[in-house]
Amino acid sequence: MFEALKKKINKTIIKITEKISNKEKTEKETAKEKTIEEPIKKSVQEKVEKSSIFSFIQEKTISEKDIEDVLWELEMSLLESDVAIDVAEKITKELKDQLVGKKVKRSTDITEYTQEALKNSIKDILTVNGKDINKIFQEKKDKPLIIMFVGINGTGKTTTIAKMAKHFLDKGLTPVIAASDTFRAGAIEQLTHHAEKLGVKIIKHEKGADPAAVAFDAVEHAKAKGKDVVLIDTAGRMQTNVNLMDEMAKIKRVVKPDLIIFVGDSLTGNDAVEQAIKFNESVGIDAIILTKADADAKGGAALSIGYVINKPIIFLGTGQDYDDLIEFKPEWMIRQLFT
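Our numbering puts the sequence shown at residues 498 to 836.
Okay, here's the thing in structure tokens:
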């Protein structure tokens with residue numbers, strides 16, 4: 498997971514370390530040659546002066562010139578990994594700000610400073626404040642918790658809803674699924690299959706029915722039966738389809754969800770970011786789930802999407818099984834990239 502991104506980060510750390518170390522080595526060799534040519538100094542004052550020269554050479558101050566070409570390579574590498582340009586620029590700028598002017602004595606210092614600077618920058622990018630599902634559920638006075646899922650076709654949204662149903666079942670809660678994707682052929686049947694395997698109640702109408710009516714009926718059923726959570730599927734729509742986006746806005750008006758989750762495909766990189774921007778503008782997003790993260794070597798979407806729309810990633814899909822859903826934490830991704 499995120500192997501290519503990890504390699505590029507490690508390559509940057511190694512390059513900066515080698516470049517500054519090699520420059521320091523060259524300076525030491527030059528100074529040594531000059532020292533051999535000088536007459537032997539005998540006075541204490543002269544010895545102190547010579548010692549000061551070597552002390553200065555041993556303590557290297559990192560300059561912008563030392564690392565500017567490596568920073569440019571890093572930015573290009575991040576863009577190649579589908580990292581959003583704002584994020585790539587932020588990482589390289591913060592790395593420069595934290596390194597330039599630093600005084601180092603050993604190559605291990607350079608490695609340590611560079612790694613910590615990158616860790617701090619990436620952690621800052623990944624740390625986005627937002628709604629917490631558990632906290633919302635605890636603070637909500639009236640059941641059920643209503644969650645609406647949005648995203649385009651092919652991202653794994655339906656499977657993600659099934660995984661979320663399993664997630665709540667494991668917590669001892671009772672979910673209800675609303676099959677409000679009445680547009681796509683086979684959508685209701687696919688969701689019904691998942692619901693039956695999980696033993697979860699599904700509320701559905703005929704294909705072509707009003708999606709908002711399906712969502713409303715699911716919420717009313719949950720209220721009547723004392724269910725804890727309603728998970729609302731919606732038609733996978735392109736963010737440019739105005740009519741379908743308006744239909745989704747209608748569902749939002751009718752059921753007033755506590756949480757709207759955007760489901761995006763991690764493998765699509767910048768496309769997932771652009772989709773999230775449009776959905777956020779049209780209906781408002783509270784949180785993000787990225788699917789297929791287990792197959793994502795680049796990691797651009799995971800690194801960028803939350804920062805760009807200022808909404809947190811809350812889960813990553815990591816496979817086809819219902820349990821293949823992991824809670825996303827910035828510290829977790831830092832470990833993936835730096836260990």
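Glycine included, C-beta positions come from ideal geometry on N, C-alpha and C.
Looking at the structure shown, is residue i part of a helix, part of a strand, or coil, going by DSSP?
i, result
"L834", "helix"
"E824", "strand"
"M573", "helix"
"T652", "coil"
"D730", "strand"
"F680", "coil"
"I537", "Any reading at I537 needs caution, since the residue's pLDDT is 46, under 50, leaving its predicted position unreliable; the model's value is listed next. I537: coil per DSSP, three-state reduction."
"I550", "The predicted model places I550 with a pLDDT of 39, which falls under 50 and marks its position as unreliable, so this point remains unresolved."
"I782", "coil"
"V625", "coil"
"N807", "coil"
"Q772", "helix"
"G669", "coil"
"Q612", "helix"
"G797", "helix"
"S518", "helix"
"S578", "coil"
"M661", "helix"
"D639", "coil"
"D563", "helix"
"D606", "helix"
Kindly give me the distance between the Cβ atoms of residue i and residue j, rounded to whole angstroms, as I take these residues to be in contact under 8 Å.
i, j, result
"P827", "T608", "About 22 Å separates the two Cβ atoms, so there is no contact after all."
"V716", "M745", "No, V716 and M745 are not in contact; Cβ-Cβ is about 16 Å, not under 8 Å."
"V567", "L800", "That belief does not hold up - the Cβ atoms of V567 and L800 are roughly 19 Å apart, past 8 Å."
"G816", "D791", "6 Å"
"F646", "D730", "6 Å"
"S604", "L502", "About 24 Å; that fails the 8 Å criterion."
"L787", "A794", "That belief does not hold up - the Cβ atoms of L787 and A794 are roughly 14 Å apart, past 8 Å."
Looking at the strands, I want to know which residues DSSP matches up with residue i.
i, result
"E761", "Per the sequence shown, residue 761 should be read as Gly rather than Glu. L787, per the DSSP bridge assignment."
"M645", "I729 and I757"
"V601", "K557"
"I674", "I699 and L728"
May I ask which residues mark the beginning and end of the beta strand (DSSP E) holding residue i?
i, result
"I810", "I810 to G814"
Could you spell out the range, first to last residue, of the alpha helix (DSSP H) harbouring residue i?
i, result
"M742", "V739 to V752"
"Q595", "I582 to L596"
"Q635", "I630 to E636"
Quick one: is residue i near chain B, going by C-beta distance under 8 Å?
i, result
"I729", "Protein chain content of the structure displayed is limited to a single chain, and chain B is not contained in it."
Start-end ranges of the beta strand (DSSP E) lying completely within the stretch 693-722, minimum 3 residues: 698-700
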